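Trainee:
Numbering (the working numbering), first residue to last: 1 to 263.
1. Quick check on residue 212: does DSSP put it in helix, strand or coil?
2. Assign residue 227 to one of three DSSP states: helix, strand, or coil.
3. DSSP three-state call for residue 45: helix, strand or coil?
4. Using CA atoms only, rank isn't needed, just tell me which of 234, 151, 249, 189 is closest to residue 177.
5. For the candidate residues 52, 71, 240, whose alpha-carbon lies nearest to that of residue 58?
6. Going by DSSP in three states, residue 232 sits in which element: helix, strand or coil?
7. Please state whether the Cβ-Cβ distance between residue 107 and residue 174 is less than 7 Å.
8. Quick check on the DSSP output: the beta strand (DSSP E) that includes residue 300 runs from which residue to which?
9. Considering just the uninterrupted stretch of the beta strand (DSSP E) at residue 149, what are its terminal residues?
10. Pull up the distance between the alpha-carbon of residue 166 and that of residue 89, whole angstroms please.
11. Quick one: Cα of residue 145 to Cα of residue 247, how far?
12. In three-state DSSP terms, what is residue 116?
13. From residue 153 to residue 87, what distance separates their C-alpha atoms?
14. Is it a yes or a no for the region 182-190 touching the region 205-224, going by three-plus beta-carbon pairs under 8 Å?
15. Would you mind working out which of 220, 61, 112 sits nearest residue 135, comparing C-alpha positions?
16. What does the alpha-carbon distance come out to for the pair residue 233 and residue 187?
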């Protein structure tokens with residue numbers, strides 16, 4: 001199950017107001033936008049045809065020789081100001097720093113509002129990751145071992161979203177994975193827990209529910225999670241039904257069991 005900005009835009013806006021972040025981000029955006037809009041500007045001027053003095057474009061007479069400038073056309077030239085360009089760069093860097101600081105603060109708020117896994121449960125998760133490693137899912141193993149923060153309870157964002165039949169939930173792109181009690185109590189063994197982590201690892205990569213269910217179902221035999229050994233498992237039955245819902249194209253072969261084209 002994937003929970004993040006893309007599934008909870010409304011919640012994100014409400015939460016940002018609570019943290020006084022939304023207005024801050026909007027101000028930063030318009031400041032940066034203003035920098036780019038104003039990155040090129042022009043100076044208007046009048047050049048005296050009598051003495052070649054550059055006068056202000058509003059001048060009616062030359063400051064040097066008092067020549068009548070009312071009939072002289074106004075010229076425009078692009079201003080060259082290294083100082084202004086450095087100011088633009090400074091403002092852009094400040095905006096980028098402010099956005100990064102805000103995102104980091106948002107990440108800390110997610111991490112800080114939930115509890116860590118106990119040592120015993122973390123060892124169970126590690127056992128499931130070892131299964132994925134043995135079966136050659138090296139990319140997923142790297143994400144799970146080095147980039148994922150495992151949690152035992154919902155953070156404030158997850159708690160605001162209703163969940164059904166969820167064994168785990170992932171906050172992309174923050175790489176936070178919440179492991180629910182059913183992950184430990186309903187699953188049959190490490191292989192079945194590995195199937196759940198394989199699903200969530202797809203969300204760590206940015207995949208949606210359809211892509212995640214489809215990937216796991218197509219790779220279940222490689223994982224060792226087969227119908228022969230797990231057809232009576234609650235996890236097996238639930239995931240098969242959910243895969244059929246999200247990826248119905250895998251269940252169009254009428255000559256096979258459950259019309260499953262992957263059998």
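Heads up, the beta-carbon is just placed ideally off N, CA and C, and yes, glycines get one too.
For clarity, every value in this text was computed on a predicted model and none was experimentally measured.
Mentor: Let me spell this out:
1. Looking at residue 212 - three-state DSSP - the assignment turns out to be helix.
2. Collapsing the DSSP output to three states places residue 227 in a helix.
3. Three-state result, residue 45: strand.
4. When only C-alpha atoms are compared, the closest one is 151.
5. Closest option to residue 58, Cα to Cα, is 71.
6. Of the three classes helix, strand and coil, the one that applies to residue 232 here is coil, per DSSP.
7. Cβ distance < 7 Å, so residue 107 and residue 174 count as in contact.
8. Any property of residue 300 remains undetermined from this structure, which presents the chain solely from 1 to 263.
9. For residue 149, the enclosing beta strand (DSSP E) starts and ends at 149-151.
10. A direct Cα-to-Cα measurement between residue 166 and residue 89 gives close to 46 Å.
11. Their backbone Cα atoms lie some 28 Å apart in a straight line.
12. Note: residue 116 maps to strand in three-state DSSP.
13. Each residue's Cα considered, the two are about 46 Å apart.
14. Judged by Cβ distances under 8 Å, the region 182-190 makes no contact with the region 205-224, as fewer than three pairs qualify.
15. Residue 220 holds the alpha-carbon nearest to the alpha-carbon of residue 135 among 220, 61, 112.
16. For residue 233 and residue 187, the distance between alpha carbons rounds to 8 Å.
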